[in-house]
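Undergrad: Mind looking over this structure? Questions follow.
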Ligand SMILES: [Zn+2]
Ligand SMILES: [Zn+2]
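Residue numbers (UniProt numbering): 1 to 285.
Next comes the structure, spelled out in structure tokens:
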């Protein structure tokens with residue numbers, strides 16, 4: 001909810017005319033409670049989780065030669081019901097765990113200083129903040145994920161996420177409910193340390209979710225971000241983590257490759273890649 005009676009008052013307060021985007025934001029958010037704006041995050045979670053994996057689902061069902069050559073584990077075939085069961089399972093966990101958590105977390109999110117008001121953040125402010133959020137999330141995700149690969153963590157919690165040794169888009173958040181909570185936490189640390197506008201906050205979660213689905217897609221396309229973004233792990237990097245499975249002590253980071261490089265947990269992956277390169281095989285199997 002914005003602290004202005006009308007647009008003129010907002011412009012007088014800022015000492016300038018509102019930009020086009022700010023007028024849109026004013027019209028959309030002026031009368032909406034911050035709690036409702038905060039809850040958008042949960043709606044986006046459900047919406048984008050249902051939408052983004054669909055092209056990968058179609059690619060898997062159609063299996064055209066043109067696209068199938070980019071599949072990382074090409075011998076593994078998934079049926080529609082197999083993928084839909086995964087989707088249903090994740091949606092249940094979202095509705096029973098992530099939804100109620102969003103309701104409870106509002107006061108904590110508010111305390112961090114995330115703002116809903118005008119002015120809107122500049123593109124650079126959003127870019128730098130989201131980059132910082134990615135770096136913070138990646139670092140904490142690395143250590144929590146590594147802990148989840150201890151005997152106790154794996155047997156009690158993390159084995160659920162590793163049910164699929166060849167991941168596909170819908171498997172990105174397929175996990176034990178406790179893992180959704182534990183590994184979800186690092187996503188909130190960036191906005192807590194460096195609070196920004198709620199639009200940046202929404203965009204961060206949408207991008208993080210998109211990245212996670214791409215990483216679990218099972219396809220490494222020529223346009224994959226891993227070919228253009230320095231230190232970006234991408235689907236092949238994380239697919240190897242699933243391929244090795246419960247024994248995996250490799251490729252723990254969520255987004256970038258540098259943590260695994262620094263702490264020496266990518267040696268198996270690099271050795272495997274060098275063997276593939278020598279044998280000129282494009283995929284793991
Ligand atoms: Zn794992
Ligand atoms: Zn995974």
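Backbone N, C-alpha and C fix where the C-beta goes; we use that ideal spot for every residue, glycine too.
1. Would you call the CB atoms of residue 26 and residue 7 closer than 7 Å?
2. In angstroms, rounded to a whole number, what distance separates the CA positions of residue 68 and residue 157?
3. By the 10 Å Cβ neighbour count, where 16 or more other Cβ atoms means buried, how is residue 111 classified, buried or exposed?
4. Mind checking residue 93: buried by the 16 CB within 10 Å criterion, or exposed?
5. According to DSSP, is residue 35 part of a helix, a strand, or is it coil?
6. Assign residue 256 to one of three DSSP states: helix, strand, or coil.
7. DSSP on residue 208, reduced to helix/strand/coil?
8. From the DSSP secondary-structure annotation, give me the bridge partner or partners of residue 197.
9. Measure the C-alpha to C-alpha separation of residue 192 and residue 141 and round it to an integer number of angstroms.
10. Is the CB of residue 37 under 7 Å away from at least one CB in chain B?
11. Could you tell me the distance, in whole angstroms, from the CA atom of residue 231 to the CA atom of residue 13?
12. Can you list, in chain order, the residues of its chain with a C-beta nearer than 7 Å to that of residue 89? Leave out the 5 residues immediately preceding and following it.
13. Would you mind sorting residue 251 into buried or exposed? The rule is 16 or more other CB atoms within 10 Å of its CB.
14. When you compare only the Cα positions, how much space is there between residue 149 and residue 187?
15. Is residue 142 helix, strand or coil by DSSP?
16. Assuming residue 246 and residue 114 form a contact by the criterion Cβ under 8 Å, report the distance between their Cβ atoms to the nearest whole angstrom.
17. Assuming residue 120 contacts residue 22 under a Cβ cut-off of 8 Å, what Cβ separation, rounded to an integer in Å, is found between them?
18. Out of 17, 118, 86 and 84, point me to the one whose CA is closest to residue 30's CA.
19. Measuring alpha carbon to alpha carbon, tell me which residue in 274, 240 and 172 is nearest residue 45.
TA: Checking against the coordinates, here is how it stands:
1. yes
2. 32 Å
3. exposed
4. buried
5. helix
6. strand
7. helix
8. 115
9. 16 Å
10. The question asks about chain B, but that chain is absent: this structure has only one protein chain.
11. 43 Å
12. 174
13. buried
14. 20 Å
15. helix
16. Actually they do not touch by this definition, with Cβ atoms about 38 Å apart.
17. 5 Å
18. 118
19. 172
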